[in-house]
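As structure tokens, the structure follows; a few thoughts come after it.
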Amino acid sequence: MSLTLQPVRVATGSADEDGRLVFADGRLIGVLVQLSAEHGEIGGQWFMEASFDRLDGTEHPTFQDLGEAKRWLARRLTPDVDEQDETDAAAIPP
100 MSLTLQPVRV ATGSADEDGR LVFADGRLIG VLVQLSAEHG EIGGQWFMEA SFDRLDGTEH
160 PTFQDLGEAK RWLARRLTPD VDEQDETDAA AIPP
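Counting with the working numbering, you get residues 100 to 193 for the letters of the sequence shown.
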């Protein structure tokens with residue numbers, strides 16, 4: 100499986116506009132958005148704004164960086180992965 104991140108501006112209605120379209124083998128599977136300083140100590144981290152296909156319905160985790168996001172995505176998209184393993188991602192607080 101090949102994961103590709105494509106830079107994009109996302110109209111979130113907030114200062115969180117720096118985003119990445121996430122493709123797996125050429126198919127759009129998600130949208131990551133970098134959180135702005137408005138989010139305090141988690142500003143600069145990446146948030147799973149939207150997800151599709153096998154990722155749809157999962158929690159919307161945050162990641163320290165794009166490398167961590169790609170590792171999490173690869174685990175989620177690889178068969179035989181325990182879907183309860185959330186050790187590298189934390190849900191964003193409401």
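Idealized CB from N, CA, C, for every residue including glycine.
Check: Chain-order list of residues whose beta-carbon lies under 6 angstroms from that of D152 (same chain, five-residue window excluded); Outcome: I128
Check: Close beta carbons around A136, own chain, < 6 angstroms, minus the five adjacent residues each side; Outcome: G142
Check: With 16 other Cβ atoms within 10 Å as the buried cut-off, status of A168; Outcome: buried
Check: Range covered by the alpha helix (DSSP H) that runs through G166; Outcome: L165 to L176
Check: R119 versus R126 - alpha carbon distance; Outcome: 14 angstroms
Check: Closest by C-alpha distance to Q163, when choosing among F146, T103, S101 and A114; Outcome: F146
Check: Boundaries (first-last residue) of the beta strand (DSSP E) holding R153; Outcome: Looking at the DSSP string, R153 is not in any beta strand (DSSP E), and its letter there is neither H nor E.
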